[in-house]
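*Asks:*
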Amino acid sequence: MIASLQEQCKTNADGVHIICLQDTSEYNYQRHFNRLRKESLGIVGNNIDHGFFAHVMLCFDAISTLPMGMSFCKLWDRNPNRLDKYERKYKKLPIEEKESFRWLEAAKETKELLNSADQLTFISDRESDIYQLWSRIPDTRTNLIIRARSDRSLYDKFSTVFETIKEQAVVGSYTIELKEDKRKNRTRRTAKLNVKYTNVFIKKSYEPKSRKTNDPDYINLYVVEAKEDESTIKAGESAVHWILYTTHRIDNYESARQIIRWYSFRWQIEQFFRITKKQGLDAESSQLETGEALMKLILMSFAVAMKILQLCLAREGTYNDRVEKYFDSAETIVLKVLNNNLQGNTIKQQNPFPEKTLSWASWIIARLGGYSGYKSQSPPGPITYKWGLDKFNQLVEGFYLAKKDVYKE
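Heads up, the sequence shown is in numbering that gives the first Met the number 0, so the first residue is 0 and it goes up one at a time.
1. On a CA-only basis, which of G290, S115, M56, R125 is nearest R34? Give me that one, please.
2. Within 10 Å of its beta-carbon, does G369 have 16 or more other beta-carbons around it, so buried, or fewer, so exposed?
3. Would the segment 320-331 count as touching the segment 377-386 if we require 3 or more Cβ pairs under 8 Å?
4. Assign L337 to one of three DSSP states: helix, strand, or coil.
5. Count the other CB atoms within 10 Å of the CB of W359; is the residue buried (16 or more) or exposed (fewer)?
6. Can you tell me which residues form a DSSP beta bridge with K195?
7. Just the C-alpha distance for R36 and Y173, rounded to the nearest angstrom, thanks.
8. Mapping DSSP to helix, strand and coil, what is G415?
9. Quick one: is V194 buried, meaning 16 or more other Cβ sit within 10 Å of its Cβ, or exposed?
10. Give me whichever residues DSSP pairs with S152 in a beta bridge.
11. Which word fits I346, buried or exposed, when buried means at least 16 other C-beta atoms lie within 10 angstroms of its C-beta?
12. On the criterion of 16 or more Cβ atoms from any shown chain inside 10 Å, does K226 qualify as buried, or is it exposed?
13. List the residues that DSSP assigns as beta-bridge partners of V55.
14. DSSP three-state call for A190: helix, strand or coil?
15. Roughly how many angstroms separate the alpha carbons of T275 and I1, rounded to a whole number?
16. Output the boundary residues of the alpha helix (DSSP H) element that contains I363.
17. With respect to the beta strand (DSSP E) encompassing S172, which residues constitute its N-terminal and C-terminal limits?
18. In terms of residue numbering, what span does the beta strand (DSSP E) encompassing L243 cover?
19. What does the alpha-carbon distance come out to for the pair A147 and P79?
20. Decide yes or no for the touch test of the segment 241-249 against the segment 129-145: beta carbon pairs closer than 8 Å, at least 3 of them.
21. Tell whether a beta-carbon distance below 8 Å holds between L103 and R77.
22. A234: buried (16+ other C-beta within 10 angstroms of its C-beta) or exposed?
23. Does the segment 39-48 touch the segment 92-107, meaning 3 or more C-beta pairs lie closer than 8 Å?
24. In whole angstroms, what is the alpha-carbon distance linking F271 and M305?
25. Would you identify the three-state DSSP class for F121, choosing helix, strand or coil?
26. From S70 to D13, what distance separates their C-alpha atoms?
27. Do you know offhand how far R30's Cα is from I122's?
28. In the structure shown, what three-state DSSP assignment does I62 receive?
29. I'd like to check one pair, I18 with W261: are the Cβ atoms closer than 8 Å?
30. Excluding the 5 residues preceding and the 5 following K110 in the sequence, name in chain order all residues of the same chain whose CB lies nearer than 7 Å to its CB.
31. Report the rounded CA-to-CA distance for K203 versus L112, giving the unit in angstroms.
32. Specify, as a first and last residue, the run of the alpha helix (DSSP H) that R273 falls within.
33. From the DSSP output, in three-state form, read off K202 for me.
34. Which residues share a DSSP beta bridge with R185?
35. Using a threshold of 8 Å, state whether the C-beta atoms of I62 and H16 are closer than that.
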């Protein structure tokens, strides 16, 4: 099942600069614990509830920003009887024996899978700020952008990364529109961000003699800071502040802005996981009785979530692509028939996108899900596409049945 999810990604990556987003999410089934077959599912992050983790790598075209597919997926749970991190002497374990090795594993397997891609840029959040990832993954066609988890010591100076970036001059500023976020104590506002960057040599993390590695003593990285100007911070609210490490070379303000733009796209993987959960496919409400069955269900939900994400990003027509990269030949035939049936007599009721493009398909699936097609209506969201895909898949199944000689005598 994972291999089938990777196939589309490999096909679409040929000769393209791919943005690779990786992250981990948790699927909790404690509410249905009494239904689960005994010992078929381990525990999750709180070390109490039953469920499993999913680590996923999603791939996007760096130019069009459309999703190309999924290059890596790992599902696992924790043994409820395992020793705690102090008993296991977690800090002294080699990276290969830690759960955090998944960040390296995902990047390594993606590099192998997408060997025909022109460039790869791996993007992830603070949890992946791991020295071995910086040391072992980058090469002439592979770069990293990771949000700094903590300050790092410099190899060639008696100072740290954060101290060094603080000393740099602001090279430019721009504004962004912030949405309300109650979790971060932030109301809607226009924020002015000041940009800085510098080049540093970060020092190798401490290694006990028992687990010495061949990782170099230092790594050359660029650091980009995007920090909200005091003039736009509202009283009592948290400011926007990103410090990003990258292996991409930065020579000026525009190249620093590009790193920030690419990193800000990371929220798409959060959207992907959100689609699979309560307000989308609601995979955690499943009452299947074994962990293996639940994991298979999640893999199926990933395929649907990927399709929904592709359709959502193409709905405005700003970013478009050939439909055959996302739908097979039979599905494209069904789309064309549906398009003729769903269009109205007036221009406002016509599909506004070129035939056999992803945006064209997005409009059709949205109409199946209840979208009126009028621009005065709010644009279709993930749930509308979920309803539309449900109907579409039933119609495709009917198309295949109609092609068969069902009533043989």
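Using N, Cα and C, we set each Cβ at its ideal position, and we do this for glycine too.
These figures come from a predicted structure and were not determined experimentally.
*Replies:* Reading off the structure:
1. On the sequence shown, residue 34 is found 35 positions in, with the first residue counted as 1. Answer by Cα proximity: G290.
2. Position 370 of the sequence shown, counting from 1, holds the residue named residue 369. Exposed, because fewer than 16 other Cβ atoms sit within 10 Å of the Cβ of G369.
3. The segment 320-331 is not in contact with the segment 377-386.
4. Translated into positions along the sequence shown, residue 337 becomes position 338. If DSSP states are grouped into helix, strand and coil, L337 belongs with the helices.
5. Against the sequence shown, residue 359 aligns to sequence position 360. Counting Cβ neighbours within 10 Å, W359 comes out buried, since at least 16 surround it.
6. Numbered from its first residue, the sequence shown carries residue 195 at position 196. Paired residues: E224.
7. Taking the first residue of the sequence shown as 1, we reach residue 36 at position 37. Taking the first residue of the sequence shown as 1, we reach residue 173 at position 174. Their backbone Cα atoms lie some 55 Å apart in a straight line.
8. The chain is shown only over 0 to 408; residue 415 falls outside these bounds and no answer can be derived.
9. The sequence position of residue 194 within the sequence shown is 195, counting from 1. Buried is the call here.
10. Position 153 of the sequence shown holds residue 152. In DSSP, S152 forms a bridge with T159.
11. Here the question's residue 346 lines up with position 347 in the sequence shown. Exposed.
12. Here residue 226 refers to the residue found at position 227 when the sequence shown is read from its first residue. Classification for K226: buried.
13. Mapped onto the sequence shown, residue 55 falls at position 56. According to DSSP, which records beta bridges pairwise, V55 is partnered with D22, C72.
14. Here residue 190 corresponds to residue number 191 of the sequence shown, with the count starting at 1. Note: A190 maps to strand in three-state DSSP.
15. For the purposes of this step, residue 275 is identified with residue 276 of the sequence shown, where counting begins at 1. For the purposes of this step, residue 1 is identified with residue 2 of the sequence shown, where counting begins at 1. Going from the Cα of T275 to the Cα of I1 covers about 16 Å.
16. For the purposes of this step, residue 363 is identified with residue 364 of the sequence shown, where counting begins at 1. Segment 357-367, the alpha helix (DSSP H) holding I363.
17. Walking along the sequence shown from the start, residue 172 turns up at place 173. Counting along the chain, the beta strand (DSSP E) containing S172 begins and ends at 171-177.
18. Along the sequence shown, one-based indexing puts residue 243 at 244. From DSSP, the beta strand (DSSP E) with L243 extends over 240-245.
19. Here residue 147 refers to the residue found at position 148 when the sequence shown is read from its first residue. Here residue 79 refers to the residue found at position 80 when the sequence shown is read from its first residue. Each residue's Cα considered, the two are about 31 Å apart.
20. yes
21. Within the sequence shown, the letter at position 104 stands for residue 103. Within the sequence shown, the letter at position 78 stands for residue 77. Not a contact, by the Cβ cut-off of 8 Å.
22. Against the sequence shown, residue 234 aligns to sequence position 235. Exposed.
23. no
24. If you number the sequence shown from 1, residue 271 lands on position 272. If you number the sequence shown from 1, residue 305 lands on position 306. Their Cα atoms are separated by approximately 7 Å.
25. Taking the sequence shown and counting its residues from 1, one reaches residue 121 at position 122. In the structure shown, F121 sits in a strand (DSSP, three-state: E or B).
26. On the sequence shown, position 71 is the one that residue 70 refers to. On the sequence shown, position 14 is the one that residue 13 refers to. If you take the alpha carbons of S70 and D13, they lie about 13 Å apart.
27. Within the sequence shown, numbered from 1, the residue matching residue 30 stands at position 31. Within the sequence shown, numbered from 1, the residue matching residue 122 stands at position 123. Between R30 and I122, the C-alpha separation is close to 33 Å.
28. On the sequence shown, residue 62 is found 63 positions in, with the first residue counted as 1. Three-state result, I62: coil.
29. Counting from one through the sequence shown, the residue named residue 261 turns up at place 262. Counting from one through the sequence shown, the residue named residue 18 turns up at place 19. Yes.
30. On the sequence shown, residue 110 is found 111 positions in, with the first residue counted as 1. Excluding positions up to five away in sequence, the list reads L119, T141.
31. Translated into the one-based positions of the sequence shown, residue 203 becomes position 204. Translated into the one-based positions of the sequence shown, residue 112 becomes position 113. Their backbone Cα atoms lie some 29 Å apart in a straight line.
32. By one-based count along the sequence shown, residue 273 stands at place 274. Residues 266-275.
33. Counting from 1 along the sequence shown, the entry for residue 202 is found at position 203. If DSSP states are grouped into helix, strand and coil, K202 belongs with the strands.
34. The residue labelled residue 185 in the question sits at position 186 within the sequence shown. DSSP output for R185 lists D180 as bridge partner(s).
35. Residue 62 sits at position 63 when you count from the first residue of the sequence shown. Residue 16 sits at position 17 when you count from the first residue of the sequence shown. The criterion of a C-beta distance shorter than 8 Å is satisfied by I62 and H16.
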